[in-house]
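With the first letter of the sequence shown counted as 1, position 100 gets the number 334 in my numbering; the numbers rise by one all the way through.
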Amino acid sequence: MSKKRQTANKRKRRTTSKTQPDWTHQIFLAARLAGKPPRQNDSGRLAESESRLVDLVAGALDTGTDKHVLRALEDLEEAHLDDAAAMVAFWADDAASTLPVMMQGEDGVDAGEMELFLVPVLLMVDAGHAIPLQVPDMRRDDQRSPLDLCATSFRRYGLIGQEPSVAVLPWLYAYADLPVTWAGQRGLLRQVMAAISGQPSRLPRPEQTDVGTQHATALRFVLFAVSSSLGDTDTGPLLNGGFADMDDLNDLGDAPTGDGVEMDDAAPEGDPHLLAWQEDFGQTLTECLPGVLSVRTGTPAWWDDAIHAGFDMRNLFGLITAVAPDGGRETTLSTYAAMGFYRVADTLELRIGITRDGRFTGGFVWACHQDPEDEVDEAFAALEHMGVPTEQIHVATDILGDERCPDCGKPYFPSVRVEEDDSHKQLDTHGHGGSGHSRLH
Numbered sequence: 235m236s237k238k239r240q241t242a243n244k245r246k247r248r249t250t251s252k253t254q255p256d257w258t259h260q261i262f263l264a265a266r267l268a269g270k271p272p273r274q275n276d277s278g279r280l281a282e283s284e285s286r287l288v289d290l291v292a293g294a295l296d297t298g299t300d301k302h303v304l305r306a307l308e309d310l311e312e313a314h315l316d317d318a319a320a321m322v323a324f325w326a327d328d329a330a331s332t333l334p335v336m337m338q339g340e341d342g343v344d345a346g347e348m349e350l351f352l353v354p355v356l357l358m359v360d361a362g363h364a365i366p367l368q369v370p371d372m373r374r375d376d377q378r379s380p381l382d383l384c385a386t387s388f389r390r391y392g393l394i395g396q397e398p399s400v401a402v403l404p405w406l407y408a409y410a411d412l413p414v415t416w417a418g419q420r421g422l423l424r425q426v427m428a429a430i431s432g433q434p435s436r437l438p439r440p441e442q443t444d445v446g447t448q449h450a451t452a453l454r455f456v457l458f459a460v461s462s463s464l465g466d467t468d469t470g471p472l473l474n475g476g477f478a479d480m481d482d483l484n485d486l487g488d489a490p491t492g493d494g495v496e497m498d499d500a501a502p503e504g505d506p507h508l509l510a511w512q513e514d515f516g517q518t519l520t521e522c523l524p525g526v527l528s529v530r531t532g533t534p535a536w537w538d539d540a541i542h543a544g545f546d547m548r549n550l551f552g553l554i555t556a557v558a559p560d561g562g563r564e565t566t567l568s569t570y571a572a573m574g575f576y577r578v579a580d581t582l583e584l585r586i587g588i589t590r591d592g593r594f595t596g597g598f599v600w601a602c603h604q605d606p607e608d609e610v611d612e613a614f615a616a617l618e619h620m621g622v623p624t625e626q627i628h629v630a631t632d633i634l635g636d637e638r639c640p641d642c643g644k645p646y647f648p649s650v651r652v653e654e655d656d657s658h659k660q661l662d663t664h665g666h667g668g669s670g671h672s673r674l675h
């Protein structure tokens with residue numbers, strides 16, 4: 235990113251010590267020094283300190299575990315060095331998404347960097363088809379292959395400049411296929427580099443899914459690797475801080491309009507190049523993936539941002555479909571929603587039950603990937619944004635077991651009873667109903 239490029243030329247790589255370093259202590263000291271307020275004529279020392287911190291964080295993650303970095307973060311937070319802790323977290327994110335490379339330039343070999351971007355895509359798959367595993371790499375009718383079209387799309391739409399090079403992996407990864415730790419992500423990044431270089435690699439493969447008997451919606455991630463020299467000047471916006479309001483482009487502004495729920499007041503004015511690329515990329519995938527009816531595309535981003543945006547896409551699309559399938563404001567105003575956590579195996583599942591006109595009409599399983607309180611807050615805010623009155627949204631305080639219908643095995647959902655005087659309360663029992671199951675799996 236832009237901050238990385240500002241300090242890149244001042245970095246000095248250090249040889250590995252023969253003795254096992256105390257990564258935690260060294261990261262703590264380097265972060266404390268780099269996080270001090272700048273003084274006059276002190277910028278050089280701070281830049282050198284941050285450069286050392288960058289190397290230490292990357293080296294600690296190269297040991298294959300996050301523990302050294304996490305312990306340093308805990309120590310910094312206990313010492314109330316919040317700015318230094320934020321700096322460590324930033325460079326851990328950076329190390330999980332970037333690797334130094336050597337680039338062939340006009341004047342020889344230049345130092346460069348490979349940066350990994352994830353693109354969340356929401357696939358709507360027709361009944362009778364399994365969820366696709368990869369983007370085809372076969373030419374069609376004397377045209378370039380779909381995979382090649384994807385790889386060249388960044389430059390065609392101005393997301394990057396003319397100097398960087400791009401490679402895209404063919405695999406459509408589910409969240410469960412991807413590493414969740416900084417060290418694991420950096421390890422996968424090295425496998426991507428090996429594969430691009432033609433060396434043996436151990437890239438993971440997506441898990442095959444069963445053929446569905448109904449329409450299915452699946453969240454998948456496409457991985458792009460962008461390589462550039464540190465001295466490149468025409469790198470494009472993606473490598474120089476990204477796009478304005480990148481997170482908002484995956485928000486409710488992408489929700490259905492017209493016949494669907496109207497979200498005109500939420501639609502962001504995004505970068506026109508990015509919006510054009512999203513439309514083209516989604517169309518390319520729709521045309522080449524068997525059984526796929528349509529594709530919604532997110533914004534290229536680093537690991538955490540892309541994963542969070544992908545879950546937002548999946549959850550908001552499913553919740554809108556469950557709350558207001560006919561798309562009317564009157565429908566949302568008459569909707570009562572109840573949500574609660576259910577313990578399923580070793581995880582917590584957030585289920586949202588929908589009641590309308592005193593009748594339980596359906597439910598939705600909100601996909602979780604962060605702290606339970608954050609998930610509830612986001613689901614609550616999404617319901618409010620759709621037009622469900624705040625007083626008609628209920629949150630259960632107890633965590634229940636995995637309650638399911640004994641006949642069909644599908645989950646029960648919390649529901650709300652509306653009395654004749656329009657008072658309402660959350661039930662201890664749970665709705666099921668003929669249409670009371672989540673449409674997304």
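Ideal Cβ positions, reconstructed from N, Cα and C, are used throughout, including at glycine.
- Judged by their CB atoms, residue 394 and residue 473 are nearer to each other than the 8 Å cut-off.
- If you draw a 10 Å sphere on the C-beta of residue 530, you find 16 or more other C-beta atoms in it, and that means buried.
- Going by DSSP, residue 506 is part of the alpha helix (DSSP H) stretching over 506 to 522.
- Contact between residue 458 and residue 351 holds, since their C-beta atoms are separated by about 5 Å, short of 8 Å.
- Of all C-beta pairs linking the stretch 352 to 362 to the stretch 438 to 449, three or more are shorter than 8 Å, placing the two stretches in contact.
- Under the criterion of beta carbons closer than 8 Å, residue 518 and residue 380 qualify as touching, at roughly 6 Å.
- Runs of the beta strand (DSSP E) spanning 3 or more residues and lying entirely within the stretch 343 to 368 do not occur at all.
- Residue 306 is positioned such that its CB atom lies no closer than 8 Å to that of residue 283.
- Residue pairing for residue 337: DSSP places it in a beta bridge opposite 344.
- Per the coordinates, the alpha-carbon of residue 541 lies some 20 Å from the alpha-carbon of residue 528.
- Contact between residue 462 and residue 346 holds, since their C-beta atoms are separated by about 6 Å, short of 8 Å.
- In its chain, beyond the 5 residues on either side, 291, 303 and 416 have a beta carbon closer than 6 Å to the beta carbon of residue 326.
- Bounds of the alpha helix (DSSP H) holding residue 544 are 537 to 557.
- Nearest neighbour of residue 270 by Cα position, chosen from 259, 293, 312 and 316, turns out to be 316.
- Around residue 538, the same chain offers 327 as residues with beta carbons nearer than 7 Å, after the five sequence neighbours per side are excluded.
- Out of 454, 469, 468 and 334, the CA that lies nearest to the CA of residue 427 is found in 334.
- Counting C-beta pairs with one atom in each stretch, the stretch 368 to 379 and the stretch 558 to 569 have fewer than three that are closer than 8 Å, which means they do not touch.
- 388 is the residue among 388, 622 and 404 whose C-alpha sits nearest the C-alpha of residue 398.
- From the listed residues 295, 296, 400 and 384, the smallest Cα separation to residue 337 is found for 400.
- Separation of the CB atoms of residue 414 and residue 532 is rounded to 18 Å, and the pair is thereby denied contact status at 8 Å.
- As DSSP reads the structure, residue 298 sits in no beta bridge.
- For residue 432, no alpha helix (DSSP H) segment is defined, and its DSSP state is neither H nor E.
- Distance from residue 613 to residue 584 at the Cβ level is roughly 6 Å; contact confirmed, criterion being Cβ atoms closer than 8 Å.
- For residue 452, the secondary structure class from DSSP, reduced to helix, strand or coil, is strand.
- In the three-state DSSP reduction, residue 635 falls in the strand class (E or B).
- By DSSP's assignment, residue 377 forms a beta bridge with 374.
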